[in-house]
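Structure first, commentary second.
There are 2 protein chains.
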Amino acid sequence: MNGAESLIRTLVAGGVEVCFANPGTSEMHLVDAIDRVPGIRPVLGLFEGVCSGAADGYGRMADKPACTLFHLGPGLGNALANLHNARRAASPLLNIVGDHATYHRRFDAPLTSDVEGVARPMSDWMRSVRESGALAADGAAALAAAKGPPGRVASLIIPADCAWGGASGPAPIPAAEPRPAPDDKAVDDAVAVLRAASQGGRHVALFVGAEALRGEALETLGRIAAATGVRTICDTFAARIERGAGRPVVERLPYFPEDAVKLLAGLTDLILVGVKAPVTFFAYPDQPSETAPEACHRHVLVEPGGAVAPALAAIAEALGAGSGAVRRAGLVRPGLPSGKLDPTKVATILAAMLPEDAVVSDEGLTASFGCFSATVNAPSHSWLTITGGAIGQGLPLSVGLAIACPDRPVVCLHGDGGAMYTIQALWTQAREGLGVKTIVFSNRRYSILQMELMRLGAGNPGPKALGMFDLGRPDLDWVSLARGMGVPATRAETAEEMAAQFRAALAEPGPALIEAVV
Amino acid sequence: MNGAESLIRTLVAGGVEVCFANPGTSEMHLVDAIDRVPGIRPVLGLFEGVCSGAADGYGRMADKPACTLFHLGPGLGNALANLHNARRAASPLLNIVGDHATYHRRFDAPLTSDVEGVARPMSDWMRSVRESGALAADGAAALAAAKGPPGRVASLIIPADCAWGGASGPAPIPAAEPRPAPDDKAVDDAVAVLRAASQGGRHVALFVGAEALRGEALETLGRIAAATGVRTICDTFAARIERGAGRPVVERLPYFPEDAVKLLAGLTDLILVGVKAPVTFFAYPDQPSETAPEACHRHVLVEPGGAVAPALAAIAEALGAGSGAVRRAGLVRPGLPSGKLDPTKVATILAAMLPEDAVVSDEGLTASFGCFSATVNAPSHSWLTITGGAIGQGLPLSVGLAIACPDRPVVCLHGDGGAMYTIQALWTQAREGLGVKTIVFSNRRYSILQMELMRLGAGNPGPKALGMFDLGRPDLDWVSLARGMGVPATRAETAEEMAAQFRAALAEPGPALIEAVV
Chain A
1 MNGAESLIRT
11 LVAGGVEVCF
21 ANPGTSEMHL
31 VDAIDRVPGI
41 RPVLGLFEGV
51 CSGAADGYGR
61 MADKPACTLF
71 HLGPGLGNAL
81 ANLHNARRAA
91 SPLLNIVGDH
101 ATYHRRFDAP
111 LTSDVEGVAR
121 PMSDWMRSVR
131 ESGALAADGA
141 AALAAAKGPP
151 GRVASLIIPA
161 DCAWGGASGP
171 APIPAAEPRP
181 APDDKAVDDA
191 VAVLRAASQG
201 GRHVALFVGA
211 EALRGEALET
221 LGRIAAATGV
231 RTICDTFAAR
241 IERGAGRPVV
251 ERLPYFPEDA
261 VKLLAGLTDL
271 ILVGVKAPVT
281 FFAYPDQPSE
291 TAPEACHRHV
301 LVEPGGAVAP
311 ALAAIAEALG
321 AGSGAVRRAG
331 LVRPGLPSGK
341 LDPTKVATIL
351 AAMLPEDAVV
361 SDEGLTASFG
371 CFSATVNAPS
381 HSWLTITGGA
391 IGQGLPLSVG
401 LAIACPDRPV
411 VCLHGDGGAM
421 YTIQALWTQA
431 REGLGVKTIV
441 FSNRRYSILQ
451 MELMRLGAGN
461 PGPKALGMFD
471 LGRPDLDWVS
481 LARGMGVPAT
491 RAETAEEMAA
501 QFRAALAEPG
511 PALIEAVV
Chain B
519 MNGAESLIRT
529 LVAGGVEVCF
539 ANPGTSEMHL
549 VDAIDRVPGI
559 RPVLGLFEGV
569 CSGAADGYGR
579 MADKPACTLF
589 HLGPGLGNAL
599 ANLHNARRAA
609 SPLLNIVGDH
619 ATYHRRFDAP
629 LTSDVEGVAR
639 PMSDWMRSVR
649 ESGALAADGA
659 AALAAAKGPP
669 GRVASLIIPA
679 DCAWGGASGP
689 APIPAAEPRP
699 APDDKAVDDA
709 VAVLRAASQG
719 GRHVALFVGA
729 EALRGEALET
739 LGRIAAATGV
749 RTICDTFAAR
759 IERGAGRPVV
769 ERLPYFPEDA
779 VKLLAGLTDL
789 ILVGVKAPVT
799 FFAYPDQPSE
809 TAPEACHRHV
819 LVEPGGAVAP
829 ALAAIAEALG
839 AGSGAVRRAG
849 LVRPGLPSGK
859 LDPTKVATIL
869 AAMLPEDAVV
879 SDEGLTASFG
889 CFSATVNAPS
899 HSWLTITGGA
909 IGQGLPLSVG
919 LAIACPDRPV
929 VCLHGDGGAM
939 YTIQALWTQA
949 REGLGVKTIV
959 FSNRRYSILQ
969 MELMRLGAGN
979 PGPKALGMFD
989 LGRPDLDWVS
999 LARGMGVPAT
1009 RAETAEEMAA
1019 QFRAALAEPG
1029 PALIEAVV
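These protein sequences, in sequence, are chains A and B. When the letters of the first sequence are read in order and numbered with my numbering, they come out as residues 1 to 518. When the letters of the second sequence are read in order and numbered with my numbering, they come out as residues 519 to 1036.
Written out as structure tokens, the structure is:
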């Protein structure tokens, strides 16, 4: 058995089922091992950013890592932006990155680069393999690191001769790391603040992330809110939110600083649950970075990456918070709009038609902020956002979501600017027959940047500045682009067309794209 | 004046005329400065890899740097693969990379990352700006570093508050660095070897790169070869080769190791002129990395990055090498082929129709190796290859070539796999009205990787392995893809169609794409 096979057998035994791959010559023995070892499914992406984004989506929904397969420093470089988003989502994700054979590096062949240097900024864990006999154990360590908790981006760099050299067999996977127990003092502090809130005189919110937004922990959060009357708020770009009819309702922090400041105004206490205190996405001249009032007390219940569910459970128990009065979203389907399409009408159509149990990949930015609020009373669904703000996440993410959740409908909401970044994902949707229904908000501009230019007080921008945020001249034709990659596509200019096309897309298996001209 | 304006005025005074840009919020004051300062043209790319590849192409032909404008770590990450190619081409290139305001970094907002860490692996020079008053001087230093000699990738990281804070004005550009003089001993050694060669008994080749492949230095090289009878060979992937009718002929090292070994077999001496000794592109089990015979003496005339032209001139003078007997390519136009299209017929059509003074961006890999040999007797032209082997270079490069050389025809030869990587470049071709004629070799596979899989002796690959190198299921429709970005496109399945479509494309201004089904 060679090193490559010892690695792939180790990963399969450790639960890895999918490899999002774009390999090259230096990964050929790993390709061969994936070919021969049963239990791992390769999914080809035509650009590495598709693979890293898909692995992120897979990890967020499957709660276990997929692996990727990348070609040397430049291939990994192409994956970095979505690895950044994956890190911010605390996704479990294992990168396998090929490198030149150890003895070949000193010749500085054209594709030689500092692979470790490329990996380091976007990896929580990194190791270069030194010999083929160690590859299985290194892979097991990488897999354990990726699994967390919390989920981590782990990068294993494999010189070609370590893949083709001999190995004795697969390695055992280390036992899962235990999660840290809740901090009793932090729990007591939070309970005291929450009790004070329920007696009036304090304005308290729980600012929550990670698993507080799903499953049992979300239920617990709802009980705490009901028992104390405090608000629950999540960050603008959370990794995964379970919401819709029947779920406890959590407010979402707005993107623009003045809106966030307004939402948080008057708070005396903010309890931080698995997230940092809210800050502006960017800095602006003469504006503070923090959006909660200066006088508001920040209480850290759980640090990012910590054990959110046990901490919330401890609080609920201390408060005797039952499930009776939890404020849950009801099921409300709005009527369908008509006339010329705009983002609000798209949001209404989505709210009217979003299927039960859908998984939504949202990179609509300015165009889809309204979709989130509109769908609070849609049937229960999962909502995933662009956690690290690196655009080009939405389409790749949808690939991973559909592979992790083959029985759930996947809807992808995307701005046109960001969708161009990793448009190659459409081809993988087509090849794998993934039932992703993509809505591209075709406003033919980087709308968020036009707004930011105005906000920064740039005066009267001239054509050079405006041209940098304008996607027209020529307009992108999304129907042609999608069809060019084998994805059926239509264009909607009215609400009636949009609703009919979305209904038709949902009724068919496989991918579909709608260019929503807004 | 703010820092941003002081920088842009400095760069314009230093000769920077073009900015290949994909900015975000943290670069808004730089956008505003580009808007207001005359003399710099922003060119929008819809993905950062388009911008870095375009800047590489511009630098290779203009012999001076363009700047780029990128958004934080993830934006720069998207640019890395083509920065790798640019470094390997020794292109002059200045990256401007925005970062969060200095005081905002500690809050770890979602887009925060280690921007220096991302820049380092693919930059020859890097600096983070500390204060707005220093930005102009930092920019001047970065520009000087980029200009070289040799050309370098310089990356300047600019926190947003250093762009919007006050500055006193532009900074002077440091004087150009002097090029090192030729090494007398190395010249004497080479002259002795060349004299011995001309007296018989030694088999000598000059292995050349950099400016030995163009202009006066190429003429000198031709004179030395004529005077001594030695061979001249360039590396497989050279940055820029001037060739075709009237030019001294230089052999090209083949890509596959066994072909390279064969070409170099029997050499007793290899004189290295601005390049390293030839090595295989990748390592293979039980094969040596070096392709020249072990017993062949390597003589370093000029190290990579050194002054090639003066060293060659010194040798020619010592040898008294005149220009009379230089072996130059003649002008030969082959007849047009007919019938079902294949890569050889595309090569013949190119040889028959390549316009005088064309600039060719070649990322055809297996499909275009034949185009290079076929065009040796075409009218004089420039040929640019994928220097670092990071695919996704060809289309972006063509953007920069067309902007650097607005009066020359630009032809882009591209494999389908690589063209998908940075396909967004087609939109920039359309927006800027660039006369790039792109031929996509649509063989619906990563052909080079299928060959490498066989070469590595992977036995009988199964469907999982084959699926990772196959671009079919579904086939990419290049006509739809190009039209979707505003580039007129056609599909050729026969040689007659190909010739007619190429002729029509050359007759029209603006971009065009031909899907050559091979």
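Virtual Cβ for every residue (Gly too), placed ideally from N, Cα, C. The structure displayed is predicted, hence computed values, not measured ones.
Query: In the DSSP assignment, what are the bridge partners of A/Ile157?; Result: A/Val97 and A/Ser128
Query: For B/Arg648, is the beta carbon positioned less than 6 Å from some heavy atom of the ligand NAD?; Result: Judged by which ligands are present, the structure shown has none, so any question about the ligand NAD falls away.
Query: For B/Ala778, which residues in the same chain have their Cβ closer than 6 Å to its Cβ, ignoring the five residues on either side in sequence?; Result: Leu771, Pro772 and Thr809
Query: Starting from A/Ile315, follow the beta strand (DSSP E) in both directions and report where the run begins and ends.; Result: First-last for A/Ile315: Val308 to Leu319, but that is the alpha helix (DSSP H), not the beta strand (DSSP E).
Query: For the candidate residues A/Gly462, A/Ala504 and A/Gly389, whose alpha-carbon lies nearest to that of A/Gly435?; Result: A/Ala504
Query: Could you tell me which of B/Thr903, B/Glu812 and B/Lys863 sits nearest to B/Gly784, measuring between CA atoms?; Result: B/Glu812
Query: Going along chain A in order, which residues have a C-beta closer than 9 Å to the C-beta of B/Ile552?; Result: Lys464, Ala465 and Met468
Query: Check each residue of the stretch 794-814 of chain B: if its Cβ is closer than 9 Å to any Cβ of chain A, include it; give the result in chain order.; Result: Lys794, Ala795, Val797, Thr798, Phe799, Phe800, Ala801, Tyr802, Pro803, Ser807 and Glu808
Query: Note down, in chain order, every chain B residue with its Cβ under 7 Å from the Cβ of A/His104.; Result: Ala801 and Ser807
Query: Quick one: list the residues of chain B neighbouring A/Glu452, beta-carbon separation under 7 Å, in chain order.; Result: Thr543 and Met546
Query: Quick one, which of A/Leu481, A/Asp470, A/Pro409 and A/Ala404 has its alpha-carbon nearest A/Ala54's?; Result: A/Ala404
Query: For A/Gly330, which option in A/Ala351, A/Glu363, A/Ile514 and A/Arg36 has the closest C-alpha, if you only look at C-alpha atoms?; Result: A/Ala351
Query: Compute the beta-carbon to beta-carbon distance between A/Pro74 and B/Phe799, rounded to the nearest angstrom, for a pair I have assumed lies under 8 Å.; Result: Not confirmed; about 13 Å, so no contact.
Query: Would you call B/Ala710 buried or exposed, if buried means 16 or more other Cβ atoms sit within 10 Å of its Cβ?; Result: exposed
Query: For B/Asp679, I'd like the list of residues in its chain whose CB is within less than 6 Å of its CB, leaving aside the five on either flank, ordered along the chain.; Result: Ala619 and Thr620
Query: Here's the rule: buried if 16 or more other CB atoms are within 10 angstroms of the residue's CB, otherwise exposed. What is B/Asn520?; Result: buried
Query: Compare the C-beta of A/Gln429 with all C-beta atoms of chain B and state if any pair is closer than 7 Å.; Result: no
Query: Near B/Pro583, what residues of its chain come up, given a Cβ to Cβ distance below 6 Å and the 5 sequence neighbours on each side ignored?; Result: Gly577, Pro610, Leu611, Leu612 and Ala664
Query: Under 7 Å, Cβ to Cβ, is there at least one residue of chain B near A/Asp99?; Result: no
Query: With DSSP as the reference, identify every bridge partner of B/Ala1030, one or two as the case may be.; Result: B/Lys955
Query: Following the continuous beta strand (DSSP E) through B/Ile966, name the residue where it begins and the one where it ends.; Result: Here B/Ile966 belongs to no beta strand (DSSP E); instead the alpha helix (DSSP H) covers Ser965 to Arg973.
Query: With a CB to CB cut of under 8 Å and the five nearest residues on each side skipped, what residues in its chain are close to A/Leu341?; Result: Ala492, Glu493, Thr494, Ala495, Glu497, Met498, Ala516, Val517 and Val518
Query: Can you list, in chain order, the residues of its chain with a C-beta nearer than 7 Å to that of B/Gly1028? Leave out the 5 residues immediately preceding and following it.; Result: Gly951 and Gly953
Query: Using alpha carbons as the reference points, say which of B/Thr1008, B/Met1003, B/Leu984 and B/Arg991 lies closest to A/Asp32.; Result: B/Leu984
Query: Are A/Ala245 and A/Pro355 closer than 7 Å when you measure CB to CB?; Result: no
Query: By the 8 Å beta-carbon criterion, what residues does the stretch 117-132 of chain A contribute toward chain B?; Result: Gly117, Val118, Arg120, Pro121 and Met122
Query: Quick one: measure Cβ to Cβ for A/Ala419 and A/Val399, integer angstroms, because I've assumed they're closer than 8 Å.; Result: Contact doesn't hold; Cβ gap of about 13 Å is too wide.
Query: Say whether chain A places a C-beta atom closer than 7 Å to the C-beta of B/Ala604.; Result: no
Query: A/Gly166 bridges to which residues according to DSSP?; Result: A/Asn2
Query: How would you list, in chain order, the residues of chain A whose beta-carbon sits under 9 Å from the beta-carbon of B/Asn596?; Result: Gly49, Gly77, Asn78, Leu80, Ala81, Ala390, Gly392 and Tyr421
Query: With distances taken Cα to Cα, identify the nearest neighbour of A/Gly305 among A/Arg179, A/Arg444 and A/Gly415.; Result: A/Arg179
Query: Identify the contact partners of B/Arg477 in chain A, using a Cβ-Cβ distance below 7 Å as the criterion.; Result: In this structure chain B extends from 519 to 1036, so residue 477 of chain B is not present and cannot be described.
Query: Taking the continuous alpha helix (DSSP H) assigned at A/Cys51, which residues delimit it?; Result: Glu48 to Ala62
Query: If I measure Cβ to Cβ from A/Thr490 and keep anything under 6 Å in the same chain, skipping five residues before and after, which residues do I get?; Result: Gln501 and Ile514
Query: Taking the beta strand (DSSP E) that B/Cys537 belongs to, which residues open and close that run?; Result: Val536 to Ala539
Query: On the criterion of 16 or more Cβ atoms from any shown chain inside 10 Å, does B/Gly657 qualify as buried, or is it exposed?; Result: buried
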